[in-house]
Every structure is written in structure tokens, then in C-alpha cells.
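Data first, discussion second: the structure below is written as C-alpha cells.
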Amino acid sequence: MSGVSKVLSAAPVGFDGSLIEVECDIKNGLPSLQIVGMGNKAIDEAKERVRSAITNSLLDFPTKKLVVNLAPAELPKDGSHYDLPIALAILVSSGQLLATEVSEAIFAGELALDGTLRPIKGVVSIAETAHHHGCHTIYVPAINAEQASLVDDLEVIGVANLKELFLHLKHEQRLPIFTPAVAIPPRSTPVASHLPLLDDIHGQEQAKRAIAIAAAGRHNILLTGSPGAGKTMLAQTLLSLLPPLDRSEQIAVTKLHSLSGDVIDGIVNERPFRSPHHTASRIALIGGGNRPKPGEVSLAHLGVLFLDELPEYPRAVLESLRQPLEDKRVSISRANGHVVYPADFMMVATMNPCPCGYLGDEKRECTCTSNQILAYQQRLSGPLLDRIDLVVSVKRVPNEALLESKPMTSIQHKKTVENIKNATSLQHSRYKSSIVNNSNLSSREVNRQIYLSPSVRTILAQAAERLNVSARSYFKIIKVARTIADLEGSQQIRPEHVAEALQYRLITS
């Protein structure tokens with residue numbers, strides 16, 4: 033018997049990770065297996081999974097007293113991915129493996145009773161932790177290998193079962209280093225066929241223009257209008273206008289969805305489009321729990337968060353959006369720790385103008401009282417509306433226009449996508465920093481990065497005084513105007529750009 037052994041693993045902590053040392057001590061005494069180190073129920077149940085996996089892999093489970101420690105002990109740990117390092121630590125302690133055969137590598141995987149490795153959550157975070165701590169090799173379930181390969185300069189070895197890993201470590205059978213069969217798609221990846229295009233929408237030219245502006249600058253947008261006006265379809269076209277994810281963005285999005293368990297095999301190569309129901313809780317939307325997990329705002333990171341019928345969400349849930357909309361991240365504090373998740377999303381929301389939905393409709397008369405209308409609109413607080421860059425009124429298209437035949441082309445969509453691509457390139461070349469879009473500019477950066485001519489400053493000052501806009505709204509008008517100028521390929525903001533930007537603030541000011 034070899035006594036105390038140590039095998040390395042990792043624990044996802046928020047968006048980052050922490051190195052975990054899985055120690056095993058084997059002594060004479062009544063046969064037992066005890067796991068310590070602030071593990072949860074899944075880790076406690078690992079005792080039976082590990083015992084069965086070792087014996088069913090035709091390896092010896094020691095009939096001794098075993099104590100497994102997950103260090104550091106003060107860090108809360110959950111998940112079933114500790115099964116594999118626990119099993120290996122036992123095999124090293126019992127002398128079936130040498131300590132040198134498991135050194136300088138990280139192991140993670142859930143064991144089935146027959147020794148098969150099952151997929152786990154948070155593989156990208158575990159792989160990044162391995163790379164950060166100088167480990168050059170990581171062993172994960174075969175189905176998770178593609179995700180782990182997103183991390184550069186790291187040998188990823190996919191494992192099907194405990195027995196083949198044992199033989200590999202004993203140099204009796206070699207497992208291949210995982211190599212992605214297909215390269216990560218470039219930024220020119222075509223739009224997914226299931227998404228609606230701008231050409232699929234009849235009329236609504238002003239709303240289409242606003243959607244294009246929102247996509248070009250990553251601005252938050254609110255669409256108001258009667259039921260059936262096309263608000264939802266307009267919101268869905270937004271995703272098809274955004275450029276594809278680049279490699280660093282794919283890593284971030286895949287990492288978040290792996291942590292949540294949404295995606296455990298493969299790489300996320302499309303921008304997320306999250307549409308939580310209005311009955312979703314604050315924790316479901318923002319994230320949290322006793323063991324914090326990312327919420328919808330983080331799962332929409334680098335994509336779109338679509339909130340249909342915004343006033344129907346509970347007031348407390350809507351108010352919780354204020355911090356992530358401003359900071360582009362979510363901070364979750366609990367008694368046992370503090371975690372931060374990224375939440376750089378575009379919020380696209382829709383709402384009816386009144387409870388019945390037909391205020392201002394040309395075909396149907398509104399049946400709401402003035403008090404009902406006021407109470408409905410006041411469900412959205414001023415600070416929340418202040419964080420929305422564009423507000424657009426969507427009118428219903430006449431039935432006659434809907435029946436008119438349209439050629440099945442995507443000319444308008446392709447032209448808009450090209451304009452957005454050019455506008456995005458202008459922003460990247462202008463800022464040359466971590467700021468990648470106009471919407472991410474702070475007030476200080478607006479003053480430093482955006483030039484305003486005297487005539488534009490005069491228009492802005494007059495509008496701010498007349499509309500009584502807040503300081504936040506004032507800078508949002510400038511940022512939207514800058515995006516409009518980028519869409520038109522203009523180096524400077526002209527008065528007409530400011531005038532158009534002001535149109536999208538009139539409802540909220």
C-alpha cells in the first residue's frame with residue numbers, strides 16, 4: 033500500500049475555476065470510504081459509483097479504511113466530475129498506479145457503475161483552469177473532448193471508460209490526443225436558415241431601420257404596438273443581422289452554456305437567443321441559488337435576450353435587470369462566496385401600449401380607462417426605461433399589403449447585413465481596445481472618443497432642455513447617433529443623425 037496519494041482536478045467557481053487536489057489516505061481498519069472537503073450530495077454519492085466502477089473495471093477496490101479529501105476544504109464543491117479523480121487517487125493509494133503516472137495532468141469525469149465515463153458540465157472552465165496552472169494534459173469524457181479543445185496549448189484526451197484510462201496510464205494502451213475534426217467556422221458563416229429575414233416582413237420600414245441600428249451598435253431596443261403588428265418577428269430578425277461569433281466569443285458562450293448544463297457536447301457557434309417566459313423568477317433571470325449558476329442574462333451573453341410583453345414580468349424581476357444592463361456582468365453574493373458572470377447581451381423587448389393592446393390602433397378601439405393605461409405603463413420604471421436606447425412604435429400593416437405577393441429574395445437583408453458589418457468594422461478600428469461597440473462606451477469614453485461639431489452640440493443641448501432627458505439618456509442619444517453615422521459610413525456625426533436618434537428617445541423622455 034502506498035499511503036497518501038494526490039490527483040489534480042478543478043472546480044468551476046463562477047465564470048472562473050479553482051485547482052482542486054483530490055487526496056486519498058488508505059489505512060488498516062474496517063472497510064469504508066469517507067469523502068471530506070465541503071462536497072455536496074452528488075459528491076457524497078460518488079462513494080458507491082466509484083466502488084462499483086473500480087470493481088466492474090476488473091480492478092481491485094481496497095478492503096481498507098479510505099479517506100478522500102477535496103482540497104482546499106473551505107471551497108464549496110459540487111458536481112459529479114470528481115468521480116474520476118477520486119477513483120484514480122484510490123488506485124494510486126492502493127499501489128495499482130504510480131504517482132508519476134497521474135502527475136501534471138487534470139482529470140474530470142462522472143463514472144457509471146460499469147466504469148463508463150459520462151459527460152459533465154463546466155468542461156471549458158476546467159480546461160482553462162488546467163492551462164492557467166501549467167498542466168499540459170487534461171483527461172475528460174470523450175463526449176466533452178471537443179469543448180475542452182477550445183483551450184489552446186492543452187493536450188485533450190477523451191476517455192470512454194476507466195479501464196482504458198488505467199491501461200493508458202500504465203503505458204499498455206495509448207489513447208489518442210483529441211483533434212477537432214472540423215475547424216471552428218469563420219466569421220463569414222451564413223445565417224441559419226430557420227431565422228426570419230428582413231425581407232420576410234411586409235412594410236415596417238421604420239422598425240426595420242431601428243432594428244438595423246440596434247444590431248450595428250448592440251443597442252437595447254423596445255418595440256411597442258398592438259397584438260399582431262409583427263413585434264416578435266422583428267425581434268427574431270435581429271439575431272440574423274448580427275455577425276457570427278469569433279473564436280474568443282465562441283469560447284465564452286460555450287463556457288457559460290457548459291456551466292449551466294445546456295450544452296455538454298460540441299461548441300456553440302451561433303449567438304444565443306434567450307426568451308424567458310414572463311413567469312420566470314429573479315434567480316432564473318439573473319442567476320444565483322445556494323450553489324450559484326448563470327441565469328438567462330448570462331446565457332444570453334454576446335447574443336440577444338428577448339423579453340416578450342415586458343410589463344407582464346414582475347416588477348422586482350425587471351428591476352434586477354438594471355445592474356447587468358449597465359455593467360454588462362452579474363455579481364452574485366452568497367454567505368459562502370461571491371461569483372461574477374458576464375452578461376453583455378442585447379435586450380430586445382416588446383409591449384402593448386395598454387392592457388387591451390389596442391391603444392392607437394386604426395382598426396380596433398381601445399377599451400381601457402385612462403387609469404388602467406397609466407397603471408399599465410407605470411409597470412416599467414424610469415430607471416429601466418432609461419437603459420433602453422431605442423423605442424419604436426410598430427403599427428399594424430393593412431391586410432391588403434399582407435396579401436401582396438413578394439419576390440422570394442433576401443436583397444434587403446443582405447444589404448443591411450453588409451452595412452452592419454461595415455459599421456462594426458468602423459467601431460473596431462476607432463476604439464482599438466476592449467470596447468467593441470458604441471453601446472459599451474462610458475460617459476467618459478463618449479467625451480474622449482466621439483467628436484461633436486458645434487452645430488450638433490447645439491441641437492443636443494436644445495433637445496436635452498426641451499425633453500428634460502437624464503444624463504444617461506443624453507449619452508445614449510450620442511451613442512445611437514454615432515451608430516447611425518457608422519451605418520452611413522460617415523466619419524462625423526451630422527445633425528440629421530442626431531435628429532433620427534432623438535426620434536427613438538421621445539417615448540421614454
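If you read the sequence shown in the numbering used here, its first letter stands for residue 33, the second for the next number, and so on. Even glycine gets a Cβ: it sits at the ideal position worked out from N, Cα and C.
Would you kindly work out how many angstroms separate the C-alpha atoms of residue i and residue j, rounded to a whole number?
i           : j           : result
residue 93  : residue 340 : 55 Å
residue 448 : residue 241 : 9 Å
residue 458 : residue 518 : 7 Å
residue 523 : residue 462 : 10 Å
residue 525 : residue 444 : 25 Å
residue 124 : residue 300 : 37 Å
residue 318 : residue 325 : 9 Å
residue 476 : residue 419 : 17 Å
residue 53  : residue 346 : 44 Å
residue 49  : residue 509 : 39 Å
residue 95  : residue 148 : 23 Å
residue 61  : residue 99  : 11 Å
residue 343 : residue 389 : 12 Å
residue 386 : residue 378 : 25 Å
residue 85  : residue 291 : 25 Å
residue 360 : residue 328 : 13 Å
residue 143 : residue 184 : 27 Å
residue 428 : residue 409 : 20 Å
residue 189 : residue 465 : 35 Å
residue 158 : residue 276 : 25 Å
residue 283 : residue 156 : 8 Å
residue 255 : residue 65  : 59 Å
residue 411 : residue 177 : 47 Å
If you measure from the beta carbon of residue i to each beta carbon in chain B, is any gap under 8 Å?
i           : result
residue 154 : No chain B appears in the structure shown, which is made up of a single protein chain.
With a threshold of 16 other CB atoms inside 10 Å of the CB of residue i, please say whether the residue is buried or exposed.
i           : result
residue 37  : buried
residue 268 : buried
residue 209 : exposed
residue 287 : buried
residue 68  : exposed
residue 406 : exposed
residue 479 : exposed
residue 90  : exposed
residue 251 : buried
residue 115 : buried
residue 368 : exposed
residue 101 : buried
residue 376 : buried
residue 202 : exposed
residue 403 : exposed
residue 542 : As shown, the chain starts at 33 and ends at 541. That puts residue 542 outside it, with no answer to give.
residue 105 : exposed
residue 289 : buried
residue 230 : buried
In the DSSP assignment, find the unbroken beta strand (DSSP E) run with residue i in it and report its ends.
i           : result
residue 367 : Note, residue 367: premise wrong, no beta strand (DSSP E); not H, not E.
residue 97  : 97-103
residue 415 : Premise fails: residue 415 lies in the alpha helix (DSSP H), 414-417, not in any beta strand (DSSP E).
residue 38  : 37-45
residue 253 : 253-257
residue 134 : Note, residue 134: premise wrong, no beta strand (DSSP E); not H, not E.
residue 382 : 378-383
residue 465 : Careful: residue 465 lies outside any beta strand (DSSP E) and carries neither H nor E.
residue 402 : No beta strand (DSSP E) contains residue 402, which is instead part of the alpha helix (DSSP H) from 402-409.
residue 125 : That residue, residue 125, is in no beta strand (DSSP E); its alpha helix (DSSP H) goes 115-125.
residue 391 : It is not in any beta strand (DSSP E) - residue 391 carries neither H nor E in the DSSP assignment.
residue 422 : 422-426
Following the continuous alpha helix (DSSP H) through residue i, name the residue where it begins and the one where it ends.
i           : result
residue 208 : Counting along the chain, residue 208 falls outside any alpha helix (DSSP H), and DSSP gives it neither H nor E.
residue 507 : 503-519
residue 487 : 486-499
residue 474 : It is not in any alpha helix (DSSP H) - residue 474 carries neither H nor E in the DSSP assignment.
residue 530 : 527-535
residue 357 : 354-359
Between residue i and residue j, which are expected to be in contact by the criterion C-beta below 8 Å, what is the C-beta distance as a whole number of angstroms?
i           : j           : result
residue 452 : residue 239 : About 16 Å; that fails the 8 Å criterion.
residue 548 : residue 280 : The shown model of the chain, from 33 to 541, leaves out residue 548, and the question about it has no answer.
residue 266 : residue 233 : 7 Å
residue 181 : residue 212 : 5 Å
residue 320 : residue 364 : 5 Å
residue 297 : residue 151 : 6 Å
residue 515 : residue 472 : That pair is no contact at about 12 Å.
residue 362 : residue 349 : Rounded, the Cβ-Cβ distance is 14 Å, inconsistent with contact.
residue 111 : residue 153 : 7 Å
residue 162 : residue 174 : With a Cβ gap of about 17 Å, residue 162 and residue 174 do not count as contacting.
Following a CB-centred definition, is residue i positioned closer than 7 Å to any heavy atom of the ligand GDP?
i           : result
residue 471 : Among the components of this structure there are no ligands whatsoever, and the ligand GDP is therefore not found.
Complete runs of the beta strand (DSSP E) confined to the stretch 282-351 [at least 3 residues]: 336-339
- request: Jot down the residue ranges of each uninterrupted beta strand (DSSP E) in the stretch 147-194, minimum 3 residues, whole runs only, in chain order.
  value: Secondary structure remark: continuous beta strand (DSSP E) runs of at least 3 residues inside the stretch 147-194, in chain order: 169-173 and 187-191.
query: Residue ranges of each alpha helix (DSSP H) run of no fewer than 4 residues wholly in the stretch 53-99, ordered along the chain?
result: 73-76 and 78-88
query: Curious, which full-length beta strand (DSSP E) runs of at least 3 residues does the stretch 228-278 contain?
result: 253-257
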